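Undergrad: FYI, the numbering for the sequence shown is 1 to 132, going by our numbering.
For every residue, glycine included, the Cβ atom is placed at its ideal position computed from N, Cα and C.
This structure is a prediction, so every number in the text was calculated from the model and none was measured.
I'd like to ask you about the structure that follows.
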Amino acid sequence: MEHINSVHVSIQSVDVAIIGHSALPNIVLKGSLKNVSKGNVILTIATLDHPQFGNIGQLVVEDNRPVMQGTMAIEIARFDVLLGLLSGPSPRPASVMLALHEHMKISSDGYLIPDNNSTYAIADVSWNIPVQ
């Protein structure tokens, strides 16, 4: 058994979701897990008006299927830069690493071992976005 404190995701698609006529846009990323066997992640990124300290979001592991649903918020200026970088053509998929406050248990085969905790706090985020 191994413990990991981050989730690495290879991004497969990027959408902008605007729910309602006066709502702000969200970035919705869908991707596959790179450091956990057999799983997908859906990450929704919203905007903030001011800097955020502490946790920036959460990641929920679904019980009945290999999917993790994440939500996080970033400042509007960073949101705009991220959207611009993810909107352009890319020679290979972008990736995102979600640093977690808690650790996840992984089997020797790389599969997530379920435990009592299905919600993990996202402490930080890192991006790798190819531009050429």
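Express the C-alpha separation of Lys-34 and Arg-92 in angstroms, rounding to a whole number.
TA: 15 Å
Undergrad: Check the C-beta distance from Ser-118 over to Val-60 and give it rounded, since I have them as a contact under 8 Å.
TA: Beta-carbon to beta-carbon, Ser-118 and Val-60 are separated by about 6 Å, close enough to satisfy the 8 Å threshold.
Undergrad: Put Ser-13 into one of helix, strand or coil per three-state DSSP.
TA: strand
Undergrad: Could you give the residue range of the alpha helix (DSSP H) that holds Ile-18?
TA: Ile-18 -> no alpha helix (DSSP H), and no H or E assigned at all.
Undergrad: Check this for me: beta carbons of Asp-109 and Ser-37, under 8 Å apart or not?
TA: yes
Undergrad: Assuming Ile-122 contacts Asn-40 (C-beta within less than 8 Å), just tell me the rounded distance between them.
TA: Not a contact, Cβ separation roughly 17 Å.
Undergrad: Confirm, please, whether the CB-CB distance from Thr-47 to Gln-58 is below 8 Å.
TA: no
Undergrad: Could you tell me which residues DSSP puts in a beta bridge with Leu-43?
TA: Per DSSP, Leu-29, Gly-70.
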